[in-house]
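First the structure, in the form of structure tokens, and then the observations on it.
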Amino acid sequence: MDALKVLIARRAPPAVVAQLRAHLDADYHEGELPLTPDELRARLQGKAGAYITGTERITAELLDACPGLRVVCTMSVGYNHIDLAACTARGVLVTNTPDVLTESTADFGFALLMATARRMSEGERLLRDGGWKSWAWDFLAGAEVHGSTLGILGMGRIGQAIARRGRFGFGMRVVYHNRSRLPGDVEAELGARYVTKEALLREADHLVLVLPYSAESHHCIAAPELALMKPTATLVNVARGGIVDEDALAAALRERRIAAAGLDVFEGEPRVNPALLTLPNVVLTPHIASATMPTRVAMAQLAADNLIAALTGGTPPTPLNPEVLSS
Ligand code: DGY
């Protein structure tokens, strides 16, 4: 097997593809839609590297069917689509693209919070449909953002960047819950108060989900959690769809047990739970939180840097299982 043969499984910026081709023997899937799992398995035969995005699933079965695979580089910070333990057990290096998308994703998370709290999509739909008749004191009146309480579930890099926007841009009180508490100096800089998950749900006027998706976080926002939230609260998800029980959320939104939700990610995406599509008080966007041109190019470049380094004797900049490099 040729140690430099790779599959570029999704379209990438032309300059990045050219760079990959200059260093590696690349089979390029240029189609708009992802390869099916069977196509992915077939195209990975005889390949040492895979350049993927969050839409290609790397499972233990796939790894067993592609024994030549040595490295998987995903153009995403999230890696729940990759069985990391199975990769590590088989000596397959995995890399992701942290940091380069933090600020753009936080910008979008905050924009989604604003659009949701201030009923922007609802207003635009109404306007386009000819439903705007006159000014009224309570016309599309939403929730206050400035000076309110921002709750963050998952206080990693993106959560912290959202907290900064809330604190310094909008004078918000920040409360958070995370697997581990932040160091005191970081909490002080963000003005963030660590609380239990239950207190977070009760206190937040706007709750933003930014935690990684795993078996542990699957449906960690479901009916019992939604029941603890304020009836005026908004919920924003820019993490992964599976974190929220969408049927329970749709019921809570329909019955106005919470005010509104902004969702950029969905459990079965690109399919969207039909119950959400008919509700006025939900803002829906198609997984675009990191989608600015400079950020997407930076993600594509970092994934390429990882792949080229891993297969040409360099040091991959952002490995997820660096122990594989030393074994
Ligand atoms: C990420 O980087 O994980 C984003 O969700 C894009 O896939």
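938 is the number of the first residue of the sequence shown in the working numbering; add one for each residue after it. Beta carbons are placed, not taken as given, at the ideal position from N, Cα and C, and that holds for glycine. For clarity, every value in this text was computed on a predicted model and none was experimentally measured.
Beta-bridge analysis with DSSP links P1256 to T1032. Less than 7 Å separates the beta-carbon of A1129 from that of V1111. Linking E1162 to L1190 through their CA atoms gives a straight-line distance of about 13 Å. Contact check for V1031 against L1038 fails: the beta carbons are separated by 7 Å or more. Secondary structure of R978 (DSSP, three-state): helix. Considering only T1169, A1159, F1203, the residue with the shortest C-alpha distance to R1193 is T1169. Not one heavy atom of ligand 1 falls within 6 Å of the beta-carbon of S1151. For C1003, there is no enclosing alpha helix (DSSP H), as DSSP marks it with neither H nor E.
The distance from the Cβ of T1171 to that of A1197 is about 5 Å, consistent with a contact at the 8 Å cut-off. With contacts defined by Cβ atoms closer than 7 Å, N1243 and P1253 form a contacting pair. If only uninterrupted beta strand (DSSP E) runs of at least 3 residues are considered, those enclosed by the stretch 1118-1195 are 1129-1131, 1143-1146, 1171-1174. D962 is bridged by DSSP to K942.
H1083 counts as exposed, since fewer than 16 other C-beta atoms from the protein chains shown sit within 10 angstroms of its C-beta. According to the DSSP assignment, L972 belongs to no beta strand (DSSP E), since it is labelled neither H nor E. If you check the C-beta of S1154 against ligand 1, you find no heavy atom less than 6 Å away.
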